[in-house]
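Peer 1:
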Amino acid sequence: MAYTFFLRMLKNPRTTGSLVPSSVFLARELAALVKGSDHILELGAGTGAVTQALVQVVAQEKLEVVELQQNLAIALKKRYPNLKVLHSTAHEAVDNYQKIGTVAIVSSLPFRSLPLAIKQLTVQSLLSFLTAVPDAKLIQFTYGLGTPFSVPPGFKWQQVKWVFANFPPACIWVLTLTVSP
Ligand SMILES: C[S@@+](CC[C@H](N)C(=O)[O-])C[C@H]1O[C@@H](n2cnc3c(N)ncnc32)[C@H](O)[C@@H]1O
27 MAYTFFLRML KNPRTTGSLV PSSVFLAREL AALVKGSDHI LELGAGTGAV
77 TQALVQVVAQ EKLEVVELQQ NLAIALKKRY PNLKVLHSTA HEAVDNYQKI
127 GTVAIVSSLP FRSLPLAIKQ LTVQSLLSFL TAVPDAKLIQ FTYGLGTPFS
177 VPPGFKWQQV KWVFANFPPA CIWVLTLTVS P
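Residue 191 in our numbering sits at position 165 of the sequence shown, with consecutive numbering throughout.
Rendered as structure tokens:
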């Protein structure tokens, strides 16, 4: 049942979000924000545009990447044999991600176009994770003017910067807890 549901979602172009991979400039800006983190989880790795920048700044054993589309996950594993590549939904990967220390989640998930059910599951998993791991942050880019998605009180989005050398121009945001519980 769940499998059929996600297969159907997979065929939905709204899960891809953009027809072109992120630029090297956007990828480098995202990667710069993970420096110093003990663990990094990349969501929606796609063809590896951001992964490529991440492996330049962090040891591969600190990094895990997640991709919903099986062919892309297989290609990533071939390209980075030493990297943990999960063919999974982002929310399941986040729910199962148990780490101690500072965690940076880098997401290219297209929240503005994701099917609502997937968006809600994913946002809920991310908020639960940030609550459980107060030293964690979510690094997310969006092509729109507002925050990537709405959050309840207790969380805050910080706008980091616009990257105009990307098609379309992208804005990077960081989500954290406002205060530790
Ligand atoms: C906009 S593309 C970004 C690809 C790459 N990171 C980049 O920046 O060029 C979004 C990627 O997220 C993947 N994706 C979408 N929904 C997902 C989900 N719920 N779980 C995991 N991956 C997902 C899509 O298959 C697609 O490869």
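Here a beta-carbon is modelled for each residue, glycine too, at the ideal position from N, C-alpha and C.
Over what stretch of residues does the alpha helix (DSSP H) that includes E118 continue unbroken?
Peer 2: Taking the first residue of the sequence shown as position 1, residue 118 is located at position 92. Unbroken alpha helix (DSSP H) run through E118: A116 to D121.
Peer 1: Skipping 5 residues on each side, what residues in its chain have a beta carbon closer than 6 Å to that of K125?
Peer 2: Here residue 125 refers to the residue found at position 99 of the sequence shown. Same-chain partners within the cutoff: H65.
Peer 1: Looking at the strands, I want to know which residues DSSP matches up with L203.
Peer 2: By 1-based counting over the sequence shown, the position of residue 203 is 177. Note: L203 sits in a beta bridge opposite F181.
Peer 1: Give every residue of the same chain whose Cβ lies closer than 7 Å to the Cβ of G170, excluding the five residues on either side of it in the sequence, and list them in chain order.
Peer 2: On the sequence shown, residue 170 is found 144 positions in, with the first residue counted as 1. The answer, listed in chain order, is R138.
Peer 1: Compute the distance between the beta-carbons of Y123 and T77, then report whether it is under 9 Å.
Peer 2: Here residue 123 refers to the residue found at position 97 of the sequence shown. Here residue 77 refers to the residue found at position 51 of the sequence shown. Contact: no.
Peer 1: Just grab the DSSP bridge partners of Q166 for me.
Peer 2: Taking the sequence shown and counting its residues from 1, one reaches residue 166 at position 140. Answer is S133 and W199.
Peer 1: Assign L67 to one of three DSSP states: helix, strand, or coil.
Peer 2: The residue labelled residue 67 in the question sits at position 41 within the sequence shown. Correct three-state label for L67: strand.
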